[in-house]
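Participant: My questions will all concern the structure given below.
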Amino acid sequence: MKSADEIRKILRECLPEIQKKYGVTSIGIFGSYARGEAAPASDIDIIVEFDKPIGWELVDLADYLESRLHHNVDLVIRRSLHPLIRDTILAEVQYA
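Number 126 marks the last residue of the sequence shown (our numbering); no jumps.
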């Protein structure tokens with residue numbers, strides 16, 4: 031199982047490519063991996079921001095990140111966070 035530091039390192043390595051291909055402006059982790067509470071079955075919660083509208087490319091990005099991290103990911107777009115949970119999630123985000 032990867033640590034939060036290892037995950038952020040991989041995301042940093044991916045950043046130039048995903049910035050160019052998908053318009054990613056920021057990417058980070060939150061949830062159980064960010065809190066150090068992940069179990070082997072936990073997915074990696076990733077929050078992203080884009081500089082342009084994104085459609086089905088979000089699925090491609092998730093597949094790409096899963097292939098790089100060798101683990102299931104759950105992608106969340108920052109602007110689509112529900113107001114009731116936004117502050118809680120943003121308080122624990124660890125950006126790459």
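Quick reminder that beta carbons are idealized off the backbone N, C-alpha and C, glycines included. Because the structure is a prediction, the values reported are computed rather than measured.
Nearest chain C C-beta to residue 70 closer than 8 Å, yes or no?
Facilitator: The structure shown contains no chain C; it is built from a single protein chain.
Participant: Can you tell me whether residue 40 is helix, strand or coil according to DSSP?
Facilitator: Helix, per DSSP.
Participant: Quick one, which of 33, 105, 40 has its alpha-carbon nearest residue 158's?
Facilitator: Because the chain spans 31 through 126 in this model, residue 158 falls outside it and cannot be assessed.
Participant: Pull up the CB-CB distance for residue 108 and residue 78, whole angstroms please, since I reckon it's below 8 Å.
Facilitator: The Cβ separation is near 7 Å, so the contact holds.
Participant: So does the region 94–114 actually touch the region 39–59, counting three or more Cβ pairs closer than 8 Å?
Facilitator: Contact between the region 94–114 and the region 39–59 is present, because at least three Cβ pairs lie under 8 Å.
Participant: In terms of DSSP beta bridges, what is residue 124 paired with?
Facilitator: The partner list for residue 124 (beta bridge, DSSP) reads 59.
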